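These protein sequence lines are chains A and B, in that order.
Numbered according to this note's numbering, the first sequence spans residues 6 to 328.
Numbered according to this note's numbering, the second sequence spans residues 6 to 328.
No residue lacks a Cβ here, since even glycine has one placed at the ideal position from N, Cα and C.
This one's a predicted model, so the numbers in the text were calculated from it and none came from an experiment.
Number of protein chains: 2
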Amino acid sequence: MSNVAIGVDVGGTKALALIVARDGRVLSEVKSATPHDLNESAGAATASVLTEQVRELCARHGLDPSAVPIGIGLPGLMRRDGRLAFAPNLQSVSGADVGALLSESLGSSLVHCENDANCAALAEHEWGAARGIDDFVMVTLGTGIGGGVFVDGRLVRGRSGFAGEIGHMVVQARGAACSCGGYGCWERYASGGGLGRLTREAAEAGRLPTLVERRGDVDAVRAEDVTTAAAEGLDEAVVLMKEMGWWLALGLANLAAILDAGHFVIGGGLSIASDLVLPSARGYLVDLVEGYDARPTITVTSSMFGPRSGAMGAALVAFERGP
Amino acid sequence: MSNVAIGVDVGGTKALALIVARDGRVLSEVKSATPHDLNESAGAATASVLTEQVRELCARHGLDPSAVPIGIGLPGLMRRDGRLAFAPNLQSVSGADVGALLSESLGSSLVHCENDANCAALAEHEWGAARGIDDFVMVTLGTGIGGGVFVDGRLVRGRSGFAGEIGHMVVQARGAACSCGGYGCWERYASGGGLGRLTREAAEAGRLPTLVERRGDVDAVRAEDVTTAAAEGLDEAVVLMKEMGWWLALGLANLAAILDAGHFVIGGGLSIASDLVLPSARGYLVDLVEGYDARPTITVTSSMFGPRSGAMGAALVAFERGP
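Right under this line is the structure:
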């Protein structure tokens, strides 16, 4: 078995590649923008970027790119055969077999693909915030919301390997339009993209006067302005982060009802905003979970590895699948 | 092992008790109204009714009530120790240990309790519409909506045994008030109680003119009037049943996204209305499931045992737990 593996997490905005040791230590990292070229054949531009990342990491550590196990985490419906069947937040890769493209460019037979949030769940279960916990849900907040569901100590994959698409659980029937083609999906309210939407609506409704004044224009206020201002304690921004916390709690309450999960791990690219959102989400859970008082305490914690969980879990998948 | 077991399904309106053979044949049945006496100590009135039912069935078949394994299915949060922690649709039993009460009155040590929808799922998996299917969700439509979730051939119980409370998944944030204390729960839209609510709203909004004329009063139109008239083909009633089908499909789509379940079995007391609801629900699923075209066909079937699944599954639990 290899002593190290490469894990790559391909998100809606950036791709993070890591060299990871068997005990979970991260030895090296490289970050690139995710290409969104819809003119090239599906996944080709992304596969080029990943190939460069792998070569760069291998060069640094004197490794042979064809001999290192490589795991790739991708958002969306990842089939068991490695093809990305549907990816609303990464449409340039939808339908592609990124693993095969990368295998070809690297001359490697050691490339394995998995859903990105499943990767994050595996990493947090093996090394992080869910170590020793058999029933939990990993929730990754990024452009959208990804999920990895553990039941009885095992990742739930479902019939085709598509389980965990928790971001597309509808929480507001006929609500905000989603990139998946549906309406009212959870990720339109509680992800990075959801915060962007809440921000636009709040700015237009006159609920963010200070931020609009700072930016000089209603349309110029961004989600990042809200998280920054909320961290500084600006009331109007704090209120909006609480609103996002309520929506986060609503989805967690649904998952608690369906799965009786006692533990949630919140990660993903937006997890740096956790300190602002999680305390209010925990508070709202009390009212939102059916029979809250009849249940043992439900814990909601930040992921241990933040935006790195996905890539670390991809490396774990590579370790587990070989050689 | 006993050749027969008694299974009792305690619903919001009636309690159904069956004698069941090991191969699933139902040998005898008795039905009673569920008492809703909130003045007696929790569960006492219900335990009396169940005791009578068991004695009646045993008398018919010359069995000793203390020697027959007995399973009881109850709605709500059923703890692993058999106590009903929270039961929004059966509040007179909430907090009670019905199994212990029945054990005492019958002098039996063979009484076992389980969530009613979990019982239905077990029965359909063992003998019915989910035989040989490892990933499916049982959905029971009655006063509320119950659920039993199978993953990899096993019933998901969750941390405290509370998994499968799918009726309290919120599908309409800040929506209709639910008996659980929450708002917008799925069962307020797609259960028997939900149909009642949709019926009242439609009658008040002037959308059920024929039924209001037949009953002579807006307030007199009931859900049963709608199902009967829809079966006869009355347009205004058919439209309302389709609306319920849409809400049913919305919740199924959420479960498909979260669990990648490829199969749903619809049962419960309202399942006689299945012919009116399931075809439209199947049609709406196509638009409501994330990435529907990328998935293998999702099947939605009626339960094989209809309103009997729960009691049959309770008997199965009794067989499995002993003696």
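inquiry  = Beta-carbon within less than 6 Å of Gly315 of chain A's beta-carbon, same chain only, minus the 5 sequence neighbours each way: which residues are those?
reply    = Answer for Gly315 of chain A: Asp14, Gly78, Asp121, Cys124, Ala125, listed in chain order.
inquiry  = Would Gly152 of chain A and Gly169 of chain A qualify as a contact pair, given that the criterion is a beta-carbon distance under 7 Å?
reply    = Result yes, Cβ atoms of Gly152 of chain A and Gly169 of chain A sit closer than 7 Å.
query = For Val282 of chain B, which residues from the same chain have a beta carbon less than 7 Å from its beta carbon, with the 5 sequence-adjacent residues on both sides left out?
reply = Excluding sequence neighbours, Val282 of chain B sits near Met246, Met249, Gly250, Leu253.
message = Along the chain, where does the alpha helix (DSSP H) containing Thr232 of chain A start, and where does it finish?
response = For Thr232 of chain A, the enclosing alpha helix (DSSP H) has its first and last residue at 228 to 237.
message = So, for Ala234 of chain B: in the same chain, excluding its five sequence neighbours on each side, which residues have a beta-carbon less than 7 Å away from its beta-carbon?
response = A distance below 7 Å between beta-carbons, with the five flanking residues on each side excluded, links Ala234 of chain B to the following residues of its chain, in chain order: Leu216, Ala242.
query = For Leu17 of chain A, which residues in chain B fall below 7 Å Cβ to Cβ?
reply = For clarity, residue 17 of chain A is Gly in the given sequence; the question names Leu instead. Proximity of chain B to Gly17 of chain A at the Cβ level (cut-off 7 Å) is not reached, the minimal Cβ distance being about 16 Å.
query = Can you tell me the Cα-Cα spacing of Leu290 of chain B and Val73 of chain A, whole angstroms?
reply = One Cα belongs to Leu290 of chain B, the other to Val73 of chain A, and the distance between them is close to 43 Å.
message = Counting C-beta neighbours from all protein chains within 10 Å, is the total for Leu43 of chain A 16 or more, i.e. buried, or is it exposed?
response = Burial check for Leu43 of chain A: the Cβ neighbour count within 10 Å stays below 16, so the residue is exposed.
request  = Mind checking the segment 64 to 92 of chain B against chain A and listing, in chain order, the residues whose C-beta falls within less than 8 Å of any C-beta there?
outcome  = Flagged, chain order: Gly81, Leu82, Ala90, Phe91.
task = Scan the segment 247 to 295 of chain A and note each continuous alpha helix (DSSP H) run of 4 residues or more that stays entirely inside, going in chain order.
result = Qualifying alpha helix (DSSP H) stretches, in chain order: 279 to 293.
key: Cut-off 6 Å between Cβ atoms - residues of its own chain near Gly331 of chain A, not counting five sequence neighbours on either side   = It is not possible to answer for residue 331 of chain A, since the shown part of chain A is limited to 6 through 328.
query = Is it true that the segment 191 to 206 of chain A meets the segment 189 to 201 of chain B, where meeting means three or more beta-carbon pairs spaced less than 8 Å apart?
reply = Touching, no, given that fewer than three Cβ pairs across the two stretches are closer than 8 Å.
task = Taking only beta carbons into account, state which residues of the segment 311 to 323 of chain A come closer than 9 Å to chain B, listed in chain order.
result = Of all residues in the segment 311 to 323 of chain A, none is placed with a Cβ closer than 9 Å to any Cβ belonging to chain B.
key: Where the beta strand (DSSP E) through His117 of chain A begins and ends   = Here the beta strand (DSSP E) through His117 of chain A covers 116 to 120.
query = Can you name, in chain order, every residue of its own chain whose Cβ lies under 6 Å from the Cβ of Met174 of chain A, other than the five neighbours on each side?
reply = Here the set comprises Trp191.
query = Should Asp14 of chain A be flagged as near chain B, meaning a C-beta pair shorter than 7 Å?
reply = For Asp14 of chain A, the answer is no, since every Cβ of chain B falls outside 7 Å of its Cβ.
query = Is the Cβ-Cβ distance between Ser71 of chain A and Leu106 of chain A less than 7 Å?
reply = At a Cβ-Cβ threshold of 7 Å, Ser71 of chain A and Leu106 of chain A do not count as neighbours.
query = So, Pro80 of chain B versus Ala92 of chain B, is the Cβ gap smaller than 7 Å?
reply = Cβ distance < 7 Å, so Pro80 of chain B and Ala92 of chain B count as in contact.
request  = Going by DSSP, name the residue or residues bridged to Val153 of chain A.
outcome  = Position check: residue 153 of chain A holds Gly in this sequence, whereas Val was assumed. The beta-bridge partner set that DSSP reports for Gly153 of chain A consists of A:Met143.
Nearest neighbour of Arg164 of chain B, chosen from A:Asn8, A:Glu209, A:Glu45, A:Thr302 [CA to CA] = Comparing Cα-Cα distances from Arg164 of chain B to each of A:Asn8, A:Glu209, A:Glu45, A:Thr302, the minimum goes to A:Thr302.
ask   = Thinking C-alpha only, which one of A:His130, A:Gly267, A:Arg219 is nearest Gly29 of chain A?
value = Among A:His130, A:Gly267, A:Arg219, the Cα nearest to that of Gly29 of chain A is on A:His130.
query = How about Asp95 of chain A: is its C-beta nearer than 7 Å to some C-beta of chain B?
reply = First, the amino acid is wrong: residue 95 of chain A is Leu here, not Asp. So no, Leu95 of chain A is outside the interface.
ask   = the segment 201 to 233 of chain B: which residues have C-beta closer than 9 Å to a C-beta of chain A, in chain order?
value = Residues: none.
key: Burial state of Asn8 of chain A (16 or more Cβ within 10 Å)   = Counting Cβ neighbours within 10 Å, Asn8 of chain A comes out exposed, since fewer than 16 surround it.
His173 of chain B: contacting residues in chain A (beta-carbon distance under 7 Å) = Within 7 Å Cβ-Cβ: Ala262, Glu295.
inquiry  = By the 9 Å beta-carbon criterion, what residues does the segment 150 to 172 of chain B contribute toward chain A?
reply    = Correct list: Gly152, Val154, Val156, Asp157, Arg159, Val161, Arg162, Gly163, Arg164, Ser165, Gly166, Phe167, Ala168, Gly169, Glu170, Ile171, Gly172.
query = In terms of residues, what are the limits of the alpha helix (DSSP H) holding Leu43 of chain A?
reply = Taken as a continuous stretch (DSSP letters only), Leu43 of chain A belongs to no alpha helix (DSSP H), as it is neither H nor E.
Contacting positions in the segment 176 to 194 of chain A - beta carbon closer than 7 Å to chain B = Correct list: Val176, Gln177, Ala178, Cys185, Gly187.
ask   = Using a Cβ-Cβ cut-off of 6 Å (strictly less than) and excluding sequence neighbours within five positions of Leu21 of chain B, which residues of its own chain qualify?
value = Result list for Leu21 of chain B: Asp14, Lys36, Ala316, in chain order.
query = Is the beta carbon of Ser189 of chain B sitting closer than 7 Å to the one on Gly180 of chain B?
reply = The question names Ser, but residue 189 of chain B in the sequence shown is Gly. The answer is yes: Cβ separation under 7 Å.
query = Of all the options B:Gly201, B:Ala47, B:Leu127, which has the alpha carbon lying nearest to the alpha carbon of Gly97 of chain B?
reply = The amino acid at residue 97 of chain B is misidentified as Gly; the sequence shows Ser. When each option's Cα is compared against that of Ser97 of chain B, the closest is B:Ala47.
ask   = beta strand (DSSP E) containing Val9 of chain A: first to last residue?
value = Where Val9 of chain A is concerned, the enclosing beta strand (DSSP E) starts and stops at 9 to 15.
message = If I follow the unbroken alpha helix (DSSP H) through Ala208 of chain A, where does it start and stop?
response = Taken as a continuous stretch (DSSP letters only), the alpha helix (DSSP H) holding Ala208 of chain A covers 197 to 209.
query = Taking the continuous beta strand (DSSP E) assigned at Val161 of chain A, which residues delimit it?
reply = Annotation: Val161 of chain A is outside any beta strand (DSSP E) and is labelled neither H nor E by DSSP.
message = Below 7 Å on C-beta distance, what does Arg136 of chain B contact in chain A?
response = Residues of chain A passing the Cβ test: none, with the nearest at roughly 16 Å.
ask   = Any beta-carbon of chain A closer than 7 Å to the one on Leu290 of chain B?
value = Not closer than 7 Å to any Cβ of chain A, the Cβ of Leu290 of chain B fails to qualify, so no.
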